[in-house]
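Below is one structure, written out as structure tokens, with a few remarks after it.
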Amino acid sequence: MNKVMEVSGLTKKFGNFTAVDHISFDVTEGEIFGFLGANGAGKTTAMQMLCGISMPTAGKGTVAGYDIIKQNELIKRNIGYMSQKFSLYEDLKVWENIRLFGGIYGLREKIIAEKTDALLKRLDFEQERNTLVKYLPLGWKQKLAFSVAIFHEPKIVFLDEPTGGVDPAMRRQFWEMIYEAADQGITVFVTTHYMDEAEYCNRVSIMVDGRIDALDSPAALRHQFKAGSMDEVFRQLAREAERGD
Amino acid sequence: MIEVNKLCKSYGKQGKINALNGISFTVDEGEIFGVIGPVGAGKSSLFRIMASLLLPDSGTAIMNGHDAAKDYRKVRQIIGYMPERFSLYQDLSVEENLTFFATLFNTSIEENYHLIKDIYQQIEPFKKRRAGALSGGMKQKLALSCALIHKPEILILDEPTTGVDPVSRKEFWDMLGRLKEQGIIILVSTAYMDEASRCDRIALMREGEFIATDTPRGIIENYREILWSVEGTRMSALLTALRGYPEVKTSFAFGDKHHITVDESFQPDALRHFLADKGFHDVRVELAEPTVEDCFMAM
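For the protein sequence lines, the chains are A and B, in the order given.
Note that this note's numbering has the first sequence beginning at 1, numbered continuously upward.
Note that this note's numbering has the second sequence beginning at 1, numbered continuously upward.
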């Protein structure tokens, strides 16, 4: 299987504080990879390095086929990204948001127009084409944000707590979109604080104090830690954490 | 106690968006009352009215005998409010923020240290750090300390645990349990269904209305669907297959299992055969105990 991401010894220090401490792992094409950890464990810092917006202090790796250190600009162009906090421009219309992100990722006008039609049709959104995003219900916004994040067909999409504060039914709809994307071969790298969502990943890693202390399929982790649920696995690991968040 | 009577609030041109649609409830002393619902349900509007920060279109919120609209000065003295967004002074240090809020209420950190001790001790080593430079979990602890420092009778917490990891969430709820024992009324909103069980009573909120108000157990006992769990391999494909089965009404992923609600005529063996024909062999189909999350999904 092709690797979409491979990192080894990835480290980030701020002064004498080691935020990310020699993490090594790889992610396979089409995989849904859950990136878990307590607040302050180093997830955000690690994600920033993987997305090419922060330089590691040590270590190496590739994301979407590009070198984290030498080709970080190319990484940015070849990944998708979505978070609960930053996703769409509220004061732009639905089509304008798609147009903007398509343009940022360098797609041609004609391609954007064609893909926009197809996307709106698939989401059953055609009647909302000219609606300002701020007037969309949250569930729709979220679907649109995810679709925009993978509009340029990246090899891998990073989802940073995509479902925080969301209705249980909407969370599940969202995960079904994630499955669809994965079935189409897009690799999904996702962080979440919902442990039931950890179960929906093919593999999960759990960060503690800047290290990856566990990495396997949810079932294997439950077995390894003799735990009934991922919540319990998480608690066992986080209990060993020494640094407060 | 808290007495909320027929609160209504709408926004936008000609009141197009109904945030609150005639909400009534009461909360007793020493009770943790949870408002459970998604973003946009109206939780923040409700809490802001109760905190005297927003005027209702109609209806009243009486906080320990004081009307949140008319006696807002008194109400502000007896409540502690933690808004959804971090709203402390980013450029003041941890200690300066806390001193500031204590001074506003004519008290001092020393006087009410016992109230915040559990929480504040965890961030005290960083008391010289600017609030803006704290991590999410530490900001949350500081915000709660600031909301408690004047010894409020009522604590209003708007989504205090969104974006907080499972371990810190548990600690936070343990702390609320201890505050409750001191007689503080706690009103808390959350989108995490598992937190519902830590409340004495909960209201399930959707689109400006309380669709059910009861103890967590009462909510679950009122569940009227027939619920089964299905477990196997290839869970994504299994979910699609379950939706193709005539007697399955709804089918959703639920952690490592799927939960299905079914018609009364449902026979688990028939489902097992149906799934086996589609290539799902080692499938476990079992009756499931509903959770608050199942109840919410059924409403």
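Cβ coordinates follow ideal geometry from the N, Cα and C atoms, glycine included.
Pairwise C-alpha distance: Phe254/B and Glu225/B: 16 Å
Rounded straight-line distance, which links the Cα of Arg198/B to that of Pro125/B: 29 Å
Backbone secondary structure at Ile32/A - three-state DSSP: Per DSSP, reduced to three states, the secondary structure at Ile32/A is strand.
Where the alpha helix (DSSP H) containing Thr45/A begins and where it ends: 43-50
Other residues of its chain near Tyr192/B: CB distance less than 6 Å, five sequence neighbours each side excluded: Contacts found: none.
Own chain, CB closer than 7 Å to Ile119/B, minus 5 neighbours either side, in chain order: Lys141, Leu144, Ser145, Met175
Three-state secondary structure assigned by DSSP to Val4/A: strand
Contiguous beta strand (DSSP E) assignments of at least 3 residues, all confined to the region 145-205 of chain A: Under the rule that a run must span 3 or more residues, the beta strand (DSSP E) segments found entirely inside the region 145-205 of chain A read 156-160, 187-191.
Distance between Ile32/A and Asp216/A (C-alpha atoms, nearest Å): Annotation: Asp216/A to Ile32/A spans about 12 Å, alpha carbon to alpha carbon.
Short-range partners of chain A found in the region 248-271 of chain B, where Cβ spacing is below 8 Å: Of all residues in the region 248-271 of chain B, Phe252, Ala253, Phe254, Gly255, Asp256 have a Cβ within less than 8 Å of some Cβ in chain A.
Close Cβ partners of Cys51/A (< 8 Å) along its chain, the five nearest in sequence each way excluded: Val63, Ile75, Lys76, Ile79, Tyr81, Phe158
Beta carbon proximity, Glu159/B to chain A, threshold 8 Å: yes
Test: Gly137/B CB closer than 8 Å to a CB of chain A: yes
Rounded separation between Lys6/B and Glu180/A - CA only: Taking C-alpha positions only, Lys6/B is separated from Glu180/A by approximately 44 Å.
First through last residue of the alpha helix (DSSP H) which encompasses Cys304/B: Residue numbering for chain B in the displayed model covers 1 to 299; residue 304/B lies beyond these limits and cannot be assessed.
Between the CA atoms of Gly34/A and Asp165/B - distance to the nearest angstrom: 14 Å
Contact set for Ile219/B: own chain, Cβ-Cβ below 8 Å, skip 5 residues either direction: Ala196, Ile202, Leu204, Ala212, Val292, Cys295
Proximity to Ile149/B [Cα-Cα], best of Lys117/B, Glu171/B, Ala131/B: For the set Lys117/B, Glu171/B, Ala131/B, the Cα lying nearest the Cα of Ile149/B is the one of Lys117/B.
Collapsed DSSP secondary structure at Ser197/B in the structure displayed: helix
Cα-Cα separation between Gln142/A and Val166/A, rounded to whole angstroms: Approximately 10 Å between the Cα atoms of the pair.
Interface positions of the region 287-299 of chain B facing chain A (Cβ-Cβ less than 7 Å), listed along the chain: Glu293, Phe296, Met297
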